[in-house]
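Written below as structure tokens is the structure these notes are about.
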Amino acid sequence: MANQILNVAVIGCGRIGRIHAENLALRIPCARLVATADVTINAAKEVAAQLHVARATGEYRELLADPAIDAVAICSSTDTHSRIIQEAAAAGKHIFCEKPIDYDLTRIRAALAAVEKAKVKLQIGFNRRFDPSFARVRELVAAGAVGQPHVIRITSRDPGPPPLEYIKVSGGIFLDMTIHDFDMVRFLSGSEAEDVYAIGDALVDPAIRDAGDVDTAVVTMRLKNGALATIDNSRKAVYGYDQRVEVFGSKGSVAAGNRTPDAHVLSDAAGVHEARPLHFFLERYAEAYVIEIRAFVEAVLKDQPPPASGLDGLQPVIMGLAATRSLREGRPVKLAEVA
Numbered sequence: 004m005a006n007q008i009l010n011v012a013v014i015g016c017g018r019i020g021r022i023h024a025e026n027l028a029l030r031i032p033c034a035r036l037v038a039t040a041d042v043t044i045n046a047a048k049e050v051a052a053q054l055h056v057a058r059a060t061g062e063y064r065e066l067l068a069d070p071a072i073d074a075v076a077i078c079s080s081t082d083t084h085s086r087i088i089q090e091a092a093a094a095g096k097h098i099f100c101e102k103p104i105d106y107d108l109t110r111i112r113a114a115l116a117a118v119e120k121a122k123v124k125l126q127i128g129f130n131r132r133f134d135p136s137f138a139r140v141r142e143l144v145a146a147g148a149v150g151q152p153h154v155i156r157i158t159s160r161d162p163g164p165p166p167l168e169y170i171k172v173s174g175g176i177f178l179d180m181t182i183h184d185f186d187m188v189r190f191l192s193g194s195e196a197e198d199v200y201a202i203g204d205a206l207v208d209p210a211i212r213d214a215g216d217v218d219t220a221v222v223t224m225r226l227k228n229g230a231l232a233t234i235d236n237s238r239k240a241v242y243g244y245d246q247r248v249e250v251f252g253s254k255g256s257v258a259a260g261n262r263t264p265d266a267h268v269l270s271d272a273a274g275v276h277e278a279r280p281l282h283f284f285l286e287r288y289a290e291a292y293v294i295e296i297r298a299f300v301e302a303v304l305k306d307q308p309p310p311a312s313g314l315d316g317l318q319p320v321i322m323g324l325a326a327t328r329s330l331r332e333g334r335p336v337k338l339a340e341v342a
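The opening residue of the sequence shown carries number 4 in our numbering; numbering runs sequentially from there.
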């Protein structure tokens, strides 16, 4: 890697691929975006043109075969992730991959085995770990500031549900939406879940029930360190994107709340008012996306373990599958039953 610059190609130029491409091209001095790929060639060409990247292709394997490319960011559809991870590892490329690796545990383990065999880096895109407020909560918990954790509480509510056609192929709320919260439970607590109990219903849109999913859910977990964890999810919060966490322990509590476009507070005869939360994840986690991809680049250049590993990609899927079974069977499910 000449002069410690990482040459990266982005595979998949949809919404999240464009974010990573822009950050690599404009905000990470030790990275160089050298190519884009997308099955829709015009999408790859559009991103490349906007970012003054010379190479765009509709065939990602061309990029895997190029020895000048050091790493790839896999931002394509979920059903391609595990396959491209294996192919990229075999080609000797370091890999950043958006979550999830796959919904099938056998395919996930095959991807992780390929990475281990090739001795390349793999980082999974759990961007919320890199939000400065959430990261500070983790630092304080790890330093013992709240003592022994007793309760981890996470609220995650979207401003509106995705299109019904997306929901039908999403893997269900626990593998699509709650998977981020499962990762945050592990990240904030420093522990693993033993069992999961989930309840849910379609309270926002009955069509989501007809599609075989729920739009409102509560998940409780018992962790191996003795703590209890709760997650509440909704596909629609009328006031905006609601993202809050708290860790309560024997010595106190630490929490992080929503981010707003500005910090004004208006007090008048009608009450006390402030701005609503930032609209959705692209706005709320814009800073986290930059920190996340920078961490990947630095892990490769410094030969350090990536901060969100393949194991970190596997465990939330196991938790999501356990929650899906719990909802279906109406009982707590031990992770060992799924794993």
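Backbone N, C-alpha and C define an ideal beta-carbon position, used for all residues, glycine too.
This structure is a prediction, so every number in the text was calculated from the model and none was measured.
Quiz item: Which class does R189 belong to by DSSP, given the choice of helix, strand or coil?
Solution: helix
Quiz prompt | Exposure label - H97; buried when at least 16 CB within 10 Å | solution = buried
Practice problem: Report buried or exposed for D271, applying the criterion of at least 16 other Cβ atoms within 10 angstroms of its Cβ. | Solution: exposed
Exercise. State the DSSP-derived secondary structure class of I72, mapped to helix, strand or coil.
Key: coil
Quiz item: Looking at the structure shown, is A145 part of a helix, part of a strand, or coil, going by DSSP?
Solution: The DSSP-derived three-state label of A145 is helix.
Exercise. Out of G20, A59, A12, P103, point me to the one whose CA is closest to L324's CA.
Key: P103
Exercise. Quick one: grab the DSSP three-state call for I127.
Key: The three-state reading of DSSP puts I127 in strand, counting E and B together.
Practice problem: Could you check the C-alpha separation between P335 and M187 for me, to the nearest Å? | Solution: 20 Å
Exercise. Please say whether A12 and A38 have beta carbons closer to each other than 8 Å?
Key: yes
Quiz item: In terms of alpha-carbon separation, which member of H276, A278, A201, P70 lies closest to A94?
Solution: P70
Exercise. Please name the residue in S159, K254, D245 whose C-alpha comes closest to that of T263.
Key: D245
Self-check item: Inter-residue CB distance, P162 and A278 (contact presumed, cutoff 8 Å)
Solution: Wrong, their Cβ atoms sit about 14 Å apart, outside the cutoff.
Quiz prompt | Contained alpha helix (DSSP H) runs [length at least 4] in the region 149 to 207, N- to C-terminal order | solution = 167 to 172, 176 to 179, 181 to 192
Quiz item: With a cut-off of 8 Å, do at least 3 Cβ pairs link the region 180 to 199 to the region 227 to 237?
Solution: Result yes; three or more Cβ-Cβ pairs closer than 8 Å.
Quiz item: On the three-pair Cβ rule with 8 Å, is the region 289 to 296 touching the region 131 to 138?
Solution: yes
Quiz prompt | 6 Å Cβ shell around I202 - same chain, five flanking residues per side excluded | solution = By the criterion of a C-beta distance shorter than 6 Å, I202 is surrounded in its chain by V221, once the five residues flanking it on both sides are discounted.
Self-check item: Paired residues, beta bridge with A12 - DSSP
Solution: A12 pairs with A38, V75.
Quiz item: According to the Cβ coordinates, are P310 and V250 closer than 8 Å?
Solution: no
Quiz item: For I19, which residues from the same chain have a beta carbon less than 7 Å from its beta carbon, with the 5 sequence-adjacent residues on both sides left out?
Solution: Result list for I19: C78, E101, in chain order.
Quiz item: Shortest alpha-carbon distance to L206 belongs to which of D213, L314, D218?
Solution: Of D213, L314, D218, the residue nearest in Cα terms is D218.
Quiz item: CA-CA distance, R156 and V50?
Solution: 39 Å
Quiz item: Beta-carbon separation of I176 and D216 under 8 Å?
Solution: yes
Quiz item: Among residues of its own chain, excluding the 5 on either side of K120, which ones have a beta-carbon nearer than 6 Å to its beta-carbon?
Solution: none
Quiz item: What are the uninterrupted segments assigned as beta strand (DSSP E) that are 3 or more residues long and contained completely in the region 88 to 126, given in chain order?
Solution: Within the region 88 to 126, the complete beta strand (DSSP E) runs of at least 3 residues are 97 to 101.
Quiz prompt | Between the CA atoms of E332 and Y106 - distance to the nearest angstrom | solution = 19 Å
Quiz prompt | Proximal residues to D184 (C-beta, below 6 Å), its chain only, five neighbours per side dropped | solution = Excluding residues within five positions, the ones whose Cβ falls inside 6 Å are I157, S159, I234.
Quiz item: What is the rounded straight-line gap between the Cα of V42 and the Cα of K171?
Solution: 22 Å
Quiz item: Is Y63 closer than 8 Å to A40 when the C-beta atoms are compared?
Solution: yes
Quiz item: alpha helix (DSSP H) containing S329: first to last residue?
Solution: Counting along the chain, the alpha helix (DSSP H) containing S329 begins and ends at 313 to 332.
Quiz item: What residues match up with A52 in a beta bridge as DSSP calls it?
Solution: Residue pairing by DSSP places A52 opposite no residue, since no beta bridge is assigned to it.
Quiz item: Going by C-alpha distance, which of A214, A28, G15 is nearest T81?
Solution: G15
Quiz item: CA-CA distance, K305 and R247?
Solution: 33 Å
Quiz item: What first and last residue would you give for the beta strand (DSSP E) that runs through G274?
Solution: 274 to 277
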